[in-house]
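Note that the protein sequences, when read in sequence, are chains A and B. The first sequence begins at 16 in our numbering and counts up by one. The second sequence begins at 555 in our numbering and counts up by one.
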Amino acid sequence: MAGQTIDALGQFKLHPLFGEFGKSIGFSQSELMMIIATVLIPVLVCLGMRRKAIVPDRFQAATEMCYEFVHDMSLSTLGPAGKGFFPFIFSLFFFILTGNYLGLLPFSFAFTSHIVVTVTLALLVFIMAIIVSFKYQGLKFFAHFMPEGAPVAMAPLLVPIEILSYLSRPVSLSIRLFANMVAGHVMLIMFAAFTIMLASSFLGVAIGGFLGIFPIALNIALIALELLVGALQAYVFAILSCMYLREAIGH
Amino acid sequence: MRRFSASFFRLAASLVAGGCLGLLLASVTATNAMAAGMPQMDFSNSLVLAQAPWLLVIFFILFLTVKGIALPRVENVLVNRRQRIDQDLESARQAKAQADKAVENLIKSRNEAAAEAQANIDNIINQSRAAANEKLREVTARLDQEMQQSENRIAAARNDALKQIDQISKEAAQTLLQQLLGENIDQTILDKKIHQVITAKS
Numbered sequence: 016m017a018g019q020t021i022d023a024l025g026q027f028k029l030h031p032l033f034g035e036f037g038k039s040i041g042f043s044q045s046e047l048m049m050i051i052a053t054v055l056i057p058v059l060v061c062l063g064m065r066r067k068a069i070v071p072d073r074f075q076a077a078t079e080m081c082y083e084f085v086h087d088m089s090l091s092t093l094g095p096a097g098k099g100f101f102p103f104i105f106s107l108f109f110f111i112l113t114g115n116y117l118g119l120l121p122f123s124f125a126f127t128s129h130i131v132v133t134v135t136l137a138l139l140v141f142i143m144a145i146i147v148s149f150k151y152q153g154l155k156f157f158a159h160f161m162p163e164g165a166p167v168a169m170a171p172l173l174v175p176i177e178i179l180s181y182l183s184r185p186v187s188l189s190i191r192l193f194a195n196m197v198a199g200h201v202m203l204i205m206f207a208a209f210t211i212m213l214a215s216s217f218l219g220v221a222i223g224g225f226l227g228i229f230p231i232a233l234n235i236a237l238i239a240l241e242l243l244v245g246a247l248q249a250y251v252f253a254i255l256s257c258m259y260l261r262e263a264i265g266h
Numbered sequence: 555m556r557r558f559s560a561s562f563f564r565l566a567a568s569l570v571a572g573g574c575l576g577l578l579l580a581s582v583t584a585t586n587a588m589a590a591g592m593p594q595m596d597f598s599n600s601l602v603l604a605q606a607p608w609l610l611v612i613f614f615i616l617f618l619t620v621k622g623i624a625l626p627r628v629e630n631v632l633v634n635r636r637q638r639i640d641q642d643l644e645s646a647r648q649a650k651a652q653a654d655k656a657v658e659n660l661i662k663s664r665n666e667a668a669a670e671a672q673a674n675i676d677n678i679i680n681q682s683r684a685a686a687n688e689k690l691r692e693v694t695a696r697l698d699q700e701m702q703q704s705e706n707r708i709a710a711a712r713n714d715a716l717k718q719i720d721q722i723s724k725e726a727a728q729t730l731l732q733q734l735l736g737e738n739i740d741q742t743i744l745d746k747k748i749h750q751v752i753t754a755k756s
């Protein structure tokens, strides 16, 4: 990384953990972060709610706020049926959010920057939506591919378009999250590398090192942006999942 | 304040300018920065695809933990709070209803007491008025009676007086005539004349 090249993508390389055993079961730092997120979410919720106070302290209020945020989101988009999907949406939102934020810590890894992970999550939602569609609407599910009120003559054109747009949902859902996280982390490492390059360039440590302050300042702003992007992408993923599920329920 | 904002802007401007210069120099010095293939797309690394089943297992565990342990705790607290608030509201509502009822009773009993007092006052006024009227009537009756008696007495006295006038006038006339004429007048003529005068006058 130091020297004259920037290895912006090396940070996404997966390494086996726990030696040969980890390699044989395919366990990398990505899975470790997923497990940390999986432990962190319920533990934080339980810690926040441990006093069970009628009048909450700050931690409990924050926990309740998180709960009510996702609760309102799923109920407002899904209606009364949203209560059943609420635990799933909650898990999804906070899994992605925690993954995004864990990735911002030094020496850690953002598993949401891997397309395999985001595609798996998107397919999970997509397949779930299809199953829910068949359960709630039966064969009327296919009626979605013909927009209501459109002339029948247009069907040969409209139906393929609708099917394509339906199939592109998991693609857009997964690539949106993946690309945002990759871009953020690449930018962070680029600017961090600029500092090292300036210090080790022909300008010398005195001038180059001083100029290196500016990429760091920019990186601080970028971290703030990444905090925003991390929350926003988790929200977008969750709300789009809600909308797909709402369509599946047949509102 | 203006001085501060001016110096702040100067600082910000120099930071931006320096940043641009730094970035420019950095990109010049990093001309041979290169992008290797994306490790995310390196499917020859078995770890990349292994994420999918791991993710499914881990996410399923997260889902179960969240659904079974984490969310019910929050929900319990929220439900308890809502119940508590509803109870408090309900008891407040009941207390208000009781207070309203008490106020209503108070007003009602006050009105009743006022009406009763007014009735008593009216009663007493009526009684005293009746008593006064009774007394007035009694007094009037007695006065009427006394007046009647007095009138009767006056009438009797008048009659008596009128009866005696006859005699007095005869005696006066006889005395006068005797004094004037020096002789006695026949009693019967005198009586007759006087009687004529009196009857003519009355």
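For glycine and all other residues, C-beta sits at the position ideal for the given N, C-alpha and C.
_Does the contact criterion of 3 or more C-beta pairs under 8 angstroms hold for the stretch 23-38 of chain A versus the stretch 199-209 of chain A?_
yes
*Residues bridged to Pro-31(A) by DSSP?*
Ser-43(A)
_Beta-carbon neighbours of His-129(A), restricted to chain B and to distances below 8 angstroms_ = Gln-594, Val-602, Gln-605
*asked:* Within 10 Å of its beta-carbon, does Gln-605(B) have 16 or more other beta-carbons around it, so buried, or fewer, so exposed?
replied: buried
*Where the alpha helix (DSSP H) containing Ser-600(B) begins and where it ends*: Counting along the chain, Ser-600(B) sits inside the alpha helix (DSSP H) bounded by residues 600-619.
*asked:* Looking at chain B, is there any beta carbon in it that lies within less than 7 angstroms of the beta carbon of Ser-43(A)?
replied: yes
*Mind checking the stretch 624-635 of chain B against chain A and listing, in chain order, the residues whose C-beta falls within less than 9 angstroms of any C-beta there?*
Ala-624, Leu-625, Arg-627, Val-628, Glu-629, Asn-630, Val-631, Leu-632, Asn-634, Arg-635
*asked:* Can you list, in chain order, the residues of its chain with a C-beta nearer than 7 angstroms to that of Ala-77(A)? Leave out the 5 residues immediately preceding and following it.
replied: Listed in chain order, the non-local C-beta contacts of Ala-77(A) below 7 angstroms within the same chain comprise Gly-63, local neighbours out to five positions each way being set aside.
*Using Cβ-Cβ distances below 7 angstroms, what residues of the stretch 51-85 of chain A are close to chain B?*
Thr-53, Ile-56, Pro-57, Val-60, Cys-61, Met-64, Lys-67, Ile-69, Thr-78, Glu-79, Tyr-82
*Helix or strand or just coil, what does DSSP make of Ala-96(A)?*
It is helical.
*Who are the Cβ neighbours of Met-258(A) in its own chain at under 8 angstroms, not counting the five residues just before and after it?*
Thr-92
*Expected contact under 8 angstroms - CB spacing of Ile-69(A) and Arg-636(B) to nearest Å*: Incorrect: roughly 10 angstroms between the Cβ atoms, too far for contact.
*Along the chain, where does the alpha helix (DSSP H) that runs through His-200(A) open and close?*
Element bounds for His-200(A): 170-214.
*Would you tell me roughly how many angstroms separate the C-alpha atoms of Ala-236(A) and Leu-136(A), rounded to the nearest one?*
Those two C-alpha atoms are separated by around 29 angstroms.
*State the CB to CB distance for the pair Ile-254(A) and Met-88(A), rounded to an integer number of angstroms; the pair is presumed to be in contact (CB under 8 angstroms).*
6 angstroms
_Please return the same chain residues whose Cβ sits closer than 7 angstroms to the Cβ of Phe-109(A), not counting the five positions on each side in sequence._
Ile-56
*Could you check if Phe-157(A) is buried or exposed, using at least 16 other CB atoms within 10 Å of its CB as the buried criterion?*
exposed
*Is His-159(A) helix, strand or coil when you go by DSSP?*
Look at His-159(A) here: in three-state DSSP terms it is helix.
*asked:* With a threshold of 7 angstroms between beta carbons, is Lys-662(B) in contact with chain A?
replied: no
*Just the Cα atoms here: how many angstroms apart are Asn-738(B) and His-749(B)?*
Each residue's Cα considered, the two are about 19 angstroms apart.
*With 9 angstroms as the limit, tell me which residues of the stretch 98-113 of chain A have their beta carbon closer than that to any beta carbon of chain B; keep them in chain order.*
Flagged, chain order: Phe-101, Pro-102, Phe-103, Phe-105, Ser-106, Leu-107, Phe-109, Phe-110.
*For the stretch 639-660 of chain B, which residues have a CB atom closer than 7 angstroms to at least one CB atom of chain A, in sequence order?*
The residues in question: there are none.
*Beta-carbon proximity list for Phe-74(A), same chain, < 6 angstroms, skipping 5 on both sides*: Gly-63
*asked:* Classify Pro-102(A): buried if its beta carbon has 16 or more other beta carbons within 10 angstroms, exposed otherwise.
replied: Label assigned to Pro-102(A): buried.
*Please report how far the alpha carbon of Ile-238(A) lies from the alpha carbon of Leu-213(A), in whole angstroms.*
21 angstroms
*Report whether the distance from the Cβ of Leu-90(A) to the nearest heavy atom of the ligand GDP is below 6 angstroms.*
What this structure holds is no ligand at all, so the ligand GDP is not there to describe.
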